[in-house]
Amino acid sequence: MDTTLLGGLEVSRVGLGTMGMSAFYTGANSDDDASIRTIHRALDIGVTHLDTAEAYGPYTNEELLGLALKGRRDRVAVATKFGLVSYTGRPGMDGSPANVRRAVEGSLKRLGTDHIDLYYQHRIDPDIPIEETVEALSELVAQGKVGHIGLSEASASTIRRAHAVHPLAAVQTEYSLWTRDPETEVLPALRELGIGLVPYSPLGHGFLTGKIRSLDGLAPDDWRRTNPRFTGGNLERNLRIADQVSEIAHEAGATPAQIALAWLLAQGAGIAPIPGTRHIDRLAENSAADAVRLTADQLSRLNGLGPAFGERHDQGGMAAVDR
């Protein structure tokens, strides 16, 4: 698989998000052995970018990834996140320097490693200046515990302030054919500063695969059952996006998932989506998107699809993004 650069960190153009192996989606926690086999297969086919977070589980997803990487750690760039779990007693998000120092120790232990390749602040703490958080992260880099640092769901202004303290390698945010928000301010800032973009949920929480046309089949506790884009009639309104992606997939001899990922990859260098899956066949499908080339006409049609109907998170979730 081809690679790209997130700041100074080289990763495969298509990575693997492991969150759904442990939390939030239908079937999570169903088969850790199958998830580990998927992770091993990812390494075998050239996926070198694996993404997790302490909040996934919490903790269990990092433990799962650490178990899967025993004897294989040197073949992959491991990314994880802190800040949604507090070790200082502060309620909610915690970007305090004390929390940064304590959180990294737990992640290192659970991952079974002596360093984290890419360490993100999961959400921006509104009560702690970003400069203080990033200064603490820079100390971890100096100590060799962290190779590169990043932010998740940060505004362009926060990104600039953080980058002035210590270079950011990447910013993680939702970006896909149905979530185009980063194009307005965040992506231009990243281009200017030489920071990579890691789109999470690049398949629209599975919607862009064309396989979700109703909530039937989703577990009662599946996160999508309460997501605004899947409820209140918005799922039906958004089917036009999935249908157009499927039409272009038929033309290109690819799958809808591959088209959605190929569109992201066509947005330029330094973009490394992390589609999540627990299944080896879906992993192979997603990774093969690296070889899909869209025509100018197909790109133009895809560019005109978004955004989706409905907010991408509920009210509380939206309050925590773009800070």
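Taking the numbering used here, the leading residue of the sequence shown gets 260, the next gets one more, and so forth.
A virtual CB, placed ideally from N, CA and C, is assigned to each residue, including glycine.
These numbers were taken from a predicted model, which means no experiment stands behind them.
Chain-order list of residues whose beta-carbon lies under 6 Å from that of residue i (same chain, five-residue window excluded)
| i | result |
| --- | --- |
| I507 | I518 and Q557 |
| A521 | A548, V551 and L553 |
| G465 | I471 |
| K338 | According to the sequence provided, residue 338 is Ala. The question's Lys does not apply to it. Excluding sequence neighbours, A338 sits near D310 and L377. |
| G234 | As shown, the chain starts at 260 and ends at 582. That puts residue 234 outside it, with no answer to give. |
| G405 | As written in the sequence, residue 405 is Val, which differs from the Gly given in the question. So the qualifying residues of the chain are I375, Y378 and L399. |
Delimiting residues of the alpha helix (DSSP H) encompassing residue i
| i | result |
| --- | --- |
| Y424 | Inspection of the sequence shows that residue 424 is occupied by Val rather than by Tyr. Where V424 is concerned, the enclosing alpha helix (DSSP H) stretches over A415 to V424. |
| L447 | The question names Leu, but residue 447 is Pro in the sequence shown. Taken as a continuous stretch (DSSP letters only), the alpha helix (DSSP H) holding P447 covers V445 to L452. |
| S559 | A555 to N562 |
| H308 | It is not in any alpha helix (DSSP H) - H308 instead sits in the beta strand (DSSP E) that spans H308 to D310. |
| W522 | P515 to L524 |
Sequence-distant residues of its chain with Cβ nearer than 7 Å to residue i (five each side left out)
| i | result |
| --- | --- |
| T468 | L462, P515 and A516 |
| R537 | G279, M280, G286, A293, S294 and T297 |
| N545 | V273, A516, L520, P534 and T536 |
| L343 | A314, M352, H381 and R382 |
| S345 | D353 and N358 |
| D291 | L323 |
Cβ-Cβ distance between residue i and residue j below 7 Å
| i | j | result |
| --- | --- | --- |
| L564 | L436 | yes |
| H308 | A531 | yes |
| A421 | G455 | no |
| V445 | A415 | yes |
| R331 | L370 | no |
| E390 | V363 | no |
| Y379 | S411 | yes |
| P566 | R439 | yes |
Reduced DSSP category for residue i - H, G, I as helix; E, B as strand; rest coil
| i | result |
| --- | --- |
| L462 | coil |
| A338 | strand |
| T438 | strand |
| H509 | helix |
| H538 | coil |
| V202 | Residue 202 falls outside the range modelled here, since the chain spans only 260 to 582, and no answer is possible. |
| H572 | coil |
| V580 | coil |
Beta strand (DSSP E) segment containing residue i, residue limits
| i | result |
| --- | --- |
| E433 | A429 to E433 |
Per DSSP, cross-strand counterpart(s) of residue i
| i | result |
| --- | --- |
| Y379 | K340 and G409 |
| S271 | T262 |
| G527 | Its beta-bridge partners do not exist; DSSP assigns none. |
Contacting residues, own chain, Cβ-Cβ under 8 Å from residue i (five flanking each side not counted)
| i | result |
| --- | --- |
| V504 | L436, L467, G469, P515, I518, A519, L561 and L564 |
| L542 | L275, T297, R300, A301, I304, V306 and T536 |
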